[in-house]
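S.K.: Numbering (the numbering used here), first residue to last: 740 to 1003.
Please see the structure below; I have some questions.
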Amino acid sequence: MPSSTASAPEARSYFVVQGCKLHRRSTERLWRAVQEGLLPDATLEVSTRRSIITLTAHSLGDLADAVEESTEPGDPELLDNLRLSARDKWQRAKPTNGVTVEITDTGRTRCHVSGDPNWVRGRVAALRPLLEESRPFKLGFWYGPRWTFSSWAISLSLILTSISFVLIPDDTFSGRTQIITQMSSIVFFAIAGYSVGGVITRNARVAIWLRRDEFPDSRWRLSGAEILTITIAGLTLAATIAIGVLTHSDAKIDRGSSVISRLA
740 MPSSTASAPE ARSYFVVQGC KLHRRSTERL WRAVQEGLLP DATLEVSTRR SIITLTAHSL
800 GDLADAVEES TEPGDPELLD NLRLSARDKW QRAKPTNGVT VEITDTGRTR CHVSGDPNWV
860 RGRVAALRPL LEESRPFKLG FWYGPRWTFS SWAISLSLIL TSISFVLIPD DTFSGRTQII
920 TQMSSIVFFA IAGYSVGGVI TRNARVAIWL RRDEFPDSRW RLSGAEILTI TIAGLTLAAT
980 IAIGVLTHSD AKIDRGSSVI SRLA
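Rendered as structure tokens:
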């Protein structure tokens, strides 16, 4: 009667991390962690998409060379996506250990680990901290779409204007001026929030440097158009408040003069 060998149980684990920025040293560190614990003859593959093609290699250095030699558009020193895959060759009656880390241009990093249960637990415990460490922002709300920062700023504007109208004497503004001031404030905060959101989303984008050993200077800068737009909105708000105060003050003086004239 032919003998049969029962296959060992295989475990699978999957997790997602939002946000990723890597330079050469951190990318190589991640690549070593992906391969750790695999057999010497494991299948290794690294790849990236450039425009409509996918470039594939067996090492990060070879991939960097392929990107530099490619005629596809884009910065040859900077990637916005990367796939790292390492897997043992199949063996009978033994789980096949393997890891795939896929960093997407949408900002999500997906990690798949499969194989021997103990090995899977160890790899997840090692890879998750590395990927979380690569996040430019640790809190998830910073990765929201740009318009969410406008909505937060508008909410702040409504709170501040409500507080200011409570603290400022009732006869400082007319009812019409209060409405115009509040609308101008909402517009200003919405524009400012959208512009600041643009800076944050630019810094939250996936950025992978295969040749650079250090991150470049931070891009915490507003563009010229954003600065101009915020300045115009701010000046408009200031002018609205100033004109409202002056107009209402003149009106009160005129009313006071009329009362004095009638009494005389």
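We put the CB at the ideal spot given by N, CA and C, even for glycine.
Since this is a predicted model, take the numbers as computed values, not measurements.
Under the rule that 16 or more other beta-carbon atoms within 10 Å means buried, what is valine 998, buried or exposed?
M.R.: Position 259 of the sequence shown, counting from 1, holds the residue named residue 998. Its pLDDT being 42, under 50, valine 998 is placed unreliably by the model, and nothing is read from it.
S.K.: Can you give me the C-alpha to C-alpha distance between tryptophan 829 and threonine 835, rounded to a whole angstrom?
M.R.: Reading the sequence shown from its first residue, position 90 is the one you call residue 829. Reading the sequence shown from its first residue, position 96 is the one you call residue 835. Their Cα atoms are separated by approximately 6 Å.
S.K.: Classify valine 852 as buried or exposed, calling it buried when 16 or more other Cβ atoms lie within 10 Å of its own Cβ.
M.R.: What you label residue 852 is simply residue 113 of the sequence shown in a count that begins at 1. Buried, since its Cβ has 16 or more Cβ neighbours within 10 Å.
S.K.: Quick check on the burial criterion: 16 or more other C-beta atoms within 10 angstroms. Buried or exposed for alanine 772?
M.R.: As a position in the sequence shown, residue 772 is number 33, starting the count at 1. Answer is buried; the Cβ neighbour count reaches 16.
S.K.: Nearest CA to the CA of tryptophan 881: which residue from Arg768, Asn942 and Glu808?
M.R.: As a working note, residue 881 is residue 142 in the sequence shown. When each option's Cα is compared against that of tryptophan 881, the closest is Asn942.
S.K.: Could you spell out where the alpha helix (DSSP H) holding valine 806 opens and where it closes?
M.R.: The residue labelled residue 806 in the question sits at position 67 within the sequence shown. Run containing valine 806: 799–808, per the alpha helix (DSSP H) assignment.
S.K.: What separation, rounded to the nearest whole angstrom, lies between the Cα atoms of isoleucine 930 and serine 901?
M.R.: Taking the first residue of the sequence shown as position 1, residue 930 is located at position 191. Taking the first residue of the sequence shown as position 1, residue 901 is located at position 162. Between isoleucine 930 and serine 901, the C-alpha separation is close to 19 Å.
S.K.: Do the region 885–901 and the region 850–867 meet, that is, are 3 or more Cβ pairs less than 8 Å apart?
M.R.: no
S.K.: For my contact list, leucine 802 and threonine 782 are in at a C-beta cut-off of 8 Å; report their separation, rounded to the angstrom.
M.R.: Start at 1 with the first residue of the sequence shown, and residue 802 comes out as number 63. Start at 1 with the first residue of the sequence shown, and residue 782 comes out as number 43. Incorrect: roughly 15 Å between the Cβ atoms, too far for contact.
S.K.: Alpha carbon to alpha carbon, what distance is there between valine 926 and glutamate 811?
M.R.: The residue labelled residue 811 in the question sits at position 72 within the sequence shown. The residue labelled residue 926 in the question sits at position 187 within the sequence shown. Using only the alpha carbons, I get a separation of about 41 Å.
S.K.: Around the C-beta of phenylalanine 954, are 16 or more other C-beta atoms found within 10 angstroms, so that it is buried, or is it exposed?
M.R.: Taking the sequence shown and counting its residues from 1, the one referred to as residue 954 is at position 215. Per the 10 Å Cβ criterion, exposed.
S.K.: Assuming valine 938 and glycine 846 are in contact, meaning their beta carbons sit under 8 Å apart, how far apart are those beta carbons, in whole angstroms?
M.R.: As a position in the sequence shown, residue 938 is number 199, starting the count at 1. As a position in the sequence shown, residue 846 is number 107, starting the count at 1. Not really, about 16 Å apart at Cβ, beyond 8 Å.
S.K.: Among Glu872, Phe928, Thr793 and Ile919, whose alpha-carbon lies nearest the alpha-carbon of leucine 895?
M.R.: The residue labelled residue 895 in the question sits at position 156 within the sequence shown. Checking every option, the nearest Cα to that of leucine 895 belongs to Phe928.
S.K.: Reducing DSSP to helix, strand and coil, say where alanine 781 ends up.
M.R.: In the sequence shown, residue 781 corresponds to position 42, counting from 1. The answer is coil: DSSP assigns alanine 781 none of H, G, I, E or B.
S.K.: Glutamate 816 by DSSP, collapsed to three states: which one?
M.R.: Numbered from its first residue, the sequence shown carries residue 816 at position 77. Reduced to three states, the DSSP call for glutamate 816 is coil.
S.K.: In this structure, how does DSSP classify phenylalanine 880 when only helix, strand and coil are distinguished?
M.R.: Against the sequence shown, residue 880 aligns to sequence position 141. Assignment of phenylalanine 880 by DSSP, reduced to helix, strand and coil, places it in the helix class.
S.K.: Leaving aside the five residues before and after tyrosine 753 along the sequence, list all residues of the same chain whose C-beta is less than 6 Å from its C-beta, in chain order.
M.R.: Taking the sequence shown and counting its residues from 1, one reaches residue 753 at position 14. Contacts found: His851.
S.K.: Please report the distance separating the alpha-carbon of threonine 793 from that of isoleucine 969.
M.R.: Numbered from 1 along the sequence shown, position 54 holds the residue referred to as residue 793. Numbered from 1 along the sequence shown, position 230 holds the residue referred to as residue 969. Going from the Cα of threonine 793 to the Cα of isoleucine 969 covers about 41 Å.
S.K.: Beta-carbon separation of threonine 848 and valine 755 under 8 Å?
M.R.: Here residue 848 corresponds to residue number 109 of the sequence shown, with the count starting at 1. Here residue 755 corresponds to residue number 16 of the sequence shown, with the count starting at 1. In this structure, valine 755 lies closer than 8 Å to threonine 848 by Cβ.
S.K.: DSSP three-state label for glutamate 871, please.
M.R.: Position 132 of the sequence shown, counted from the start, is the residue given in the question as residue 871. In the displayed model, glutamate 871 falls within a helix according to three-state DSSP.
S.K.: Just checking my contact of isoleucine 791 with isoleucine 947 at CB under 8 Å: how many whole Å lie between their CB atoms?
M.R.: The count along the sequence shown starts at 1 and reaches residue 791 at position 52. The count along the sequence shown starts at 1 and reaches residue 947 at position 208. The pair is not a contact, with the Cβ atoms about 19 Å apart (cut-off 8 Å).
S.K.: What's the C-alpha gap between alanine 990 and leucine 899?
M.R.: On the sequence shown, position 251 is the one that residue 990 refers to. On the sequence shown, position 160 is the one that residue 899 refers to. Confidence at alanine 990 is low in this model, with a pLDDT of 46, below 50, so its placement is unreliable and no value can be given for it.
S.K.: Are the CB atoms of leucine 761 and serine 873 nearer to each other than 8 Å?
M.R.: Within the sequence shown, the letter at position 22 stands for residue 761. Within the sequence shown, the letter at position 134 stands for residue 873. A contact, by the Cβ cut-off of 8 Å.
S.K.: With a 10 Å radius around its C-beta and 16 neighbouring C-beta atoms as the bar for buried, classify alanine 977 as buried or exposed.
M.R.: Walking along the sequence shown from the start, residue 977 turns up at place 238. Under this definition alanine 977 is an exposed residue.
S.K.: Using the rule of at least 16 other Cβ atoms within 10 Å of the residue's Cβ for burial, across every protein chain shown, is glycine 936 buried or exposed?
M.R.: As a position in the sequence shown, residue 936 is number 197, starting the count at 1. So glycine 936 ends up on the buried side.
S.K.: By the DSSP assignment, the alpha helix (DSSP H) with serine 695 in it spans what residues?
M.R.: Given a span of 740 to 1003 for the chain in the structure shown, any question on residue 695 remains unanswerable.
S.K.: At what residues does the beta strand (DSSP E) containing arginine 751 begin and finish?
M.R.: The sequence position of residue 751 within the sequence shown is 12, counting from 1. Taken as a continuous stretch (DSSP letters only), the beta strand (DSSP E) holding arginine 751 covers 750–757.
S.K.: Exposed or buried, what is aspartate 952 when buried is set at 16 or more other beta-carbons lying within 10 Å of its beta-carbon?
M.R.: Locating residue 952 in the sequence shown gives position 213, where the first residue counts as 1. Flag for aspartate 952 reads exposed.
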